[in-house]
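I have placed the structure first, in the form of C-alpha cells, so that the comments after it can refer back to it.
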Amino acid sequence: MRYIGIDIGGANTKVSSSDGEIKELLYIPLWKDTTLPSALKELSKRLKPDALAVVMTGELADCFADKDEGISFIMNAVNNAFDCKIEYVNNSGHFQDSTRNTRDLAAANWAASARLIGKEVGDCIFVDVGSTTSDIIPIKKGKHVAGDTDFSRLLRSELVYAGTLRTNLAALLKTVELKEGTCRVSSELFATTADAYMLLGDIERDLFTCETSDGAGRDRIDCMRRLARVVCADLAEISEENLLMIAKDVKETQISLLCEAISTVAEKNGLDTIVSAGLGEFMIEEAAMRLGLDCFSTSDKWGPEISKVFPAYAAAKLLEEEENVN
Numbered sequence: 252m253r254y255i256g257i258d259i260g261g262a263n264t265k266v267s268s269s270d271g272e273i274k275e276l277l278y279i280p281l282w283k284d285t286t287l288p289s290a291l292k293e294l295s296k297r298l299k300p301d302a303l304a305v306v307m308t309g310e311l312a313d314c315f316a317d318k319d320e321g322i323s324f325i326m327n328a329v330n331n332a333f334d335c336k337i338e339y340v341n342n343s344g345h346f347q348d349s350t351r352n353t354r355d356l357a358a359a360n361w362a363a364s365a366r367l368i369g370k371e372v373g374d375c376i377f378v379d380v381g382s383t384t385s386d387i388i389p390i391k392k393g394k395h396v397a398g399d400t401d402f403s404r405l406l407r408s409e410l411v412y413a414g415t416l417r418t419n420l421a422a423l424l425k426t427v428e429l430k431e432g433t434c435r436v437s438s439e440l441f442a443t444t445a446d447a448y449m450l451l452g453d454i455e456r457d458l459f460t461c462e463t464s465d466g467a468g469r470d471r472i473d474c475m476r477r478l479a480r481v482v483c484a485d486l487a488e489i490s491e492e493n494l495l496m497i498a499k500d501v502k503e504t505q506i507s508l509l510c511e512a513i514s515t516v517a518e519k520n521g522l523d524t525i526v527s528a529g530l531g532e533f534m535i536e537e538a539a540m541r542l543g544l545d546c547f548s549t550s551d552k553w554g555p556e557i558s559k560v561f562p563a564y565a566a567a568k569l570l571e572e573e574e575n576v577n
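Here it is in C-alpha cells:
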C-alpha cells in the first residue's frame, strides 16, 4: 500500500510518502498561479497512491474572499485529481469527515506534525520554521495544547509570521548596523530572508525555491544586489562587508523573535525540550542553545529531506497507522 501526504500551502505544496521514499516540494503560489488542479492531477497519475492524507494552509491566500472559499477550492482540486481514498486532517491532528465543519481543516498542517511528534517524542515544543512562517506548538501528554486557528496562535506566540525564504526584510528590520553607523531601511519589497541566508551560507541555492523580489537570479551576486537595495544602495556604493552585516542583522532579529516566542510558550506550558523541523532548523537550534533548552532534530531521526516536508510526512504516516489499526 502506498500512503501519500500532501501539504497544500499558499506558496508551496509539499508531498511525502509514509515510508519517506517520496519527498517533493513544489512552488505553486496560489494567489497568482492557477496550476494547482493540474499539478495535483500530475501527482496522482505519477504517484498512484492507494490512500491520500491532506493538510492545508493555502486557504488564507488573498485570491480567496475568505477561508471557506479557499478550503473549497483546495478540496475540489484534490477530490477531482485523486480517485483513491482521501482523508483530511483537522486542527486537532485527526482525520475528519469532509462533510463536517470544513473550517476545522484551515491551517491544520502543524496539527498533523504535532500529533506524530506527540506519539514519537512526548512532551515538548514542536518548532517548525518553514519558508514563510514559524510554528511553536506545545505538546503535552501526546496532544497539542495550541490554539486552533492561526489567529489564536498569533495571540499566544505559537505562530511567528517569519520564515527562511519569503519574509520581506522590511518586515523584520527597522534599522541595520553598518560600518558607517546605524542606517534606516526602505519599506519596499527589495529583498527577502532567502537572500540573507544564501549570502551567509545557511541555505544552498537549490533550497531557494521561491520567487526573487526583483525577478532576477539566485546567485550570490543577485542576492547582494537585492540586499543593497534594502538601504537604497547598489553594489557601486556599498561594500560586501556591509551587506554581510545586513544579512547577520536579519538572522539575529529572526532568532531573537523565535527566542521570545519559544520562551513565552515554554514558560506558559512548563516545557523544556524543543523538537525542530523545517528549512530553518539552524535558527531553532541556535534559539534553543540561547534559552538553555534541549533540542531534538527531526533531521536526525527522519533525515533532512523529510524535515523540510514534515507536515506531509506526518499526515501520510498517521494515515498509514490508522489504516493498519482498522
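The numbering of the sequence shown is our numbering, which starts it at 252 and goes up by one. All C-beta atoms, glycine included, are put in the ideal place defined by N, C-alpha and C.
Can you tell me which residues form a DSSP beta bridge with residue i?
i    : result
M307 : I259
G432 : L429
D500 : Paired residues: none, contrary to the question.
A528 : D379
A302 : Y254 and K336
H395 : I390
N419 : T443
V411 : S385
V266 : I257 and E275
Select from the options the residue whose C-alpha is nearest the C-alpha of residue i.
i    : options                   : result
V333 : R477, A538, L294 and W553 : Here the sequence assigns Phe to residue 333, which means Val is not the residue at that position. When each option's Cα is compared against that of F333, the closest is L294.
K391 : I454, N520, G543 and E571 : N520
N327 : I259, S558, F441 and A358 : I259
T418 : M252, L440 and A484       : L440
P389 : V576, D523, A538 and E574 : D523
T549 : R541, L530, M540 and L542 : L530
S558 : N352, H395 and E532       : E532
D399 : G393, L356 and C474       : L356
G369 : L423, D348, G393 and F402 : G393
Give the C-beta separation of residue i and residue j to the nearest angstrom, bearing in mind that I take them to be a contact with Cβ-Cβ under 8 angstroms.
i    : j    : result
I376 : A563 : I376 to A563, Cβ: 21 angstroms. No contact.
F243 : R471 : Coverage of the chain is limited to positions 252 through 577, which leaves residue 243 absent and any answer about it impossible.
G309 : G261 : 4 angstroms
K336 : L367 : Not confirmed; about 19 angstroms, so no contact.
Starting from residue i, trace the beta strand (DSSP E) both ways and give me its first and last residue.
i    : result
E338 : K336 to V340
K391 : S385 to K391
S323 : Not the beta strand (DSSP E): S323 falls in the alpha helix (DSSP H), residues K318 to A332.
F547 : D545 to S548
K274 : K274 to Y278
Taking only beta-carbon atoms, is residue i less than 8 angstroms away from chain C?
i    : result
D258 : As a matter of chain content, chain C is missing from the structure shown, which is built from one protein chain.
Starting from residue i, trace the alpha helix (DSSP H) in both directions and tell me its first and last residue.
i    : result
V481 : R471 to V481
F402 : D401 to L406
R351 : Taken as a continuous stretch (DSSP letters only), R351 belongs to no alpha helix (DSSP H), as it is neither H nor E.
V560 : Counting along the chain, V560 falls outside any alpha helix (DSSP H), and DSSP gives it neither H nor E.
With a threshold of 8 angstroms, are at least 3 pairs of Cβ atoms found where one atom belongs to the region 499 to 514 and the other to the region 359 to 370? In short, these stretches do not touch, since the Cβ pair count stays below three.
Is there contact here, the region 418 to 432 with the region 480 to 500, by at least three beta-carbon pairs under 8 angstroms? Because the criterion of three Cβ pairs below 8 angstroms is met, the region 418 to 432 and the region 480 to 500 touch.
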